[in-house]
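So the structure is just underneath, and the comments pick up after that.
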Amino acid sequence: MLQKLRNRIFGDENINHNHSQSSSQDSQKDKASPQSNKNSQSQKINNTKGVLEEHTGAANDRLSSKSHPKLKYKHSLKVEDSLDKINIHRVYNKKEDFTPIGQSITNNQYQNHQEQEDQIFTQFGKMLNENIIDYRTLKTKSWKGIPAVYRAVVWKIILDYMPPNRELAEEQMNKMRNEYQSYVQSYFENETVRQNFSKTELNMIKVVDTDVPRTQPLYEIYKAPSIQNMLKRILVIWGLRHPACGYVQGINEIATPFILVFLNQYIQLDSKQNYPIPSGLENISEQVLQEIEADTYWCMAKILDKIQDNYTNGQPGIKRSLDKIGQIVQKIDPALANHFKNERVEYVQFSFRWILCLLIREFPIQQVFRIFDTYLADDKGFAVLHVYMCAALILKYSKKIQKMKFNDIILFFQNLPTQNWSDEDIEMLLAEAFVYMSLFEQSQGHIKPTVNFSWH
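So this is what it looks like as structure tokens:
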């Protein structure tokens, strides 16, 4: 059944890619007085709004000249059952049709946005010019977004791939690149090794061969032979070196942001024209392409190591994530959760791909870069924040969805209208996800795993 579900979700003939378009604590009675409960609930609402205001600073800084408090990562809120009555979702979405922020920016707001961008650019430039880069500060600043020109270097540093000590960086990078190149020679150039591939390994390579040409079909650059060969080697080597999970459809998408970001260090890419194959691609040296390939492999591996149970047998990580998404929606927007139940909509029918591919297929690649900035800067970005990001995305369209029937709901979520989203919209969604995570992630008993959760 799982394989049929995967085929339905990933089959090109059935999917139009988006861009073309309760524990013991729960059962305890609150023994405080009614007035005390009222005051406590009021305080929690105020605290929640405070967290929202603080973390939406990332988006509002782009649209206002006002300063905002420094972003914090401490999940200090403790949520009681009384908060279940609060539909926090309504704080963010008061209209049926969500309007991207970027479509309503005034000239003054745009000017303020440019000033903020200049300040951020200067800050990152100063940090990266230090002989020993302040790793903690770099991660904190990266949560709110990284200037495109610095993104490749910053991603490598905050992923613990490139040392923050500039004197050690080149030596360490060369060591890792040489190690990857030895894998290429072993698996692709050593005929003896190739002849000894098992049937399982050969089948895995066939799946990679099928998936690579279908990866990111809206962007011409991924059709370039040099890029497809690079991607194939990355995926095959990953699969061969991780036999517990092997290559799983969806991992191909996770490599794609790194390829573009790292390639952009050496050649100008046209994001406004959906990344056509650049005329100078064939002039990039073989050594540079090998470095991009190795860097992509190791950075992708850093991410997959944190969420590997999404890809192992039975995919328990995805099951837990889907379970948690359902509970978050139920807590924050019970009306929407009930509508899903009445329409027999299950989260696995549309969120499976979101979890597996880290939302890469749901947004334009330029906005995926912005999502990755925050995920990479957050220690639990891909494993935890991502789940709340998926929930926030569902809640964003609550009023619209509640007027839909089953078929329309599934089609809507498989083709989300995000093609006009800007970085500001992504930052607001990230802020909402962070608020939900602050509310629920460390409040015991509010979000608890379902026993024997399984595919239906």
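Numbering (the UniProt record's numbering), first residue to last: 1 to 456.
Beta carbons: idealized from backbone N, C-alpha and C, even for Gly.
The closest CA to that of Glu253, considering only Val236, Leu289, Thr215, Ile426, is found on Thr215. In this structure, Ile360 places its C-beta atom within 8 Å of the C-beta atom of Thr256. Collapsing the DSSP output to three states places Asn165 in a strand. Annotation for Met176: Trp298 place their beta carbon closer than 6 Å to its own, counting only its chain and skipping 5 residues before and after. Taking C-beta separations shorter than 8 Å and ignoring five residues to either side along the sequence, the partners of Pro364 in its chain run His19, Thr418, Gln419, Trp421, following chain order. In this chain, the alpha helix (DSSP H) harbouring Glu432 covers 423-440. Annotated three-state conformation of Ile146 is coil, per DSSP.
Secondary structure within the segment 295-364: the alpha helix (DSSP H) runs of 4 or more consecutive residues, fully enclosed, are 316-332, 334-342, 348-357 (chain order).
Taking C-beta atoms as the reference points, Phe382 and Ile303 count as a pair closer than 8 Å.
Taking the C-beta atoms as reference points, Cys390 is found no nearer than 8 Å to Gln308. Our two residues, Leu235 and Leu202, have alpha carbons roughly 13 Å apart in a direct line. For Trp238, the closest C-alpha among the options Ser226, Ile251, Leu385 is that of Ile251.
DSSP places Ile267 outside both helix and strand once states are collapsed to three, so it counts as coil. A contact between stretches requires three or more CB pairs, one per stretch, nearer than 8 Å, and the segment 285-301 meets this requirement with the segment 226-234. A Cβ-Cβ separation of about 5 Å places Gln366 in contact with Ser271 under the 8 Å criterion. In the three-state reduction of the DSSP assignment, Ile132 falls in the strand class, which pools E and B. Cα atoms of Ile401 and Leu429: separation of roughly 18 Å, rounded to the nearest angstrom.
Excluding residues up to 5 positions away in sequence, Trp143, Gly381, Leu430 lie with their Cβ nearer than 7 Å to the Cβ of Thr374 in the same chain.
Within the segment 193-253, the runs of alpha helix (DSSP H) that reach at least 4 residues and sit entirely inside it are, in chain order, 199-211, 225-241. Here Ile325 is not near Phe440, since their CB atoms are 8 Å or more apart.
For Ile401, the uninterrupted alpha helix (DSSP H) segment begins and ends at 398-401. For Gln172, the closest C-alpha among the options Tyr161, Ser182, Pro225 is that of Tyr161.
In this chain, the alpha helix (DSSP H) harbouring Gln414 covers 406-414.
Secondary structure at Leu376: helix, using DSSP grouped into helix, strand and coil.
In the three-state reduction of the DSSP assignment, Ser285 falls in the coil class, being assigned neither a helical nor a strand state. For the options Ala337, Ala392, Trp155, the alpha carbon positioned closest to that of Asp425 is the one of Ala392. The alpha-carbon of Thr140 is positioned some 34 Å away from that of Leu281. Straight through space, the alpha carbons of Phe124 and Glu117 are spaced by roughly 11 Å. The Cβ-Cβ distance between Tyr436 and Ile332 falls below 8 Å. Sixteen is the threshold: since fewer than 16 other Cβ atoms of the shown chains lie within 10 Å of the Cβ of Ala335, the residue is exposed.
About 6 Å separates the Cβ atoms of Leu289 and Ser226, confirming a contact at the 8 Å cut-off. Using a 10 angstroms sphere on the CB of Ser285, the tally of other CB atoms stays under 16, which defines it as exposed. Annotation for Tyr275: Tyr219, Ile221, Leu269 place their beta carbon closer than 6 Å to its own, counting only its chain and skipping 5 residues before and after.
In this structure, Ile355 places its C-beta atom within 8 Å of the C-beta atom of Ser321. The three-state secondary structure of Ser182, taken from DSSP, is helix.
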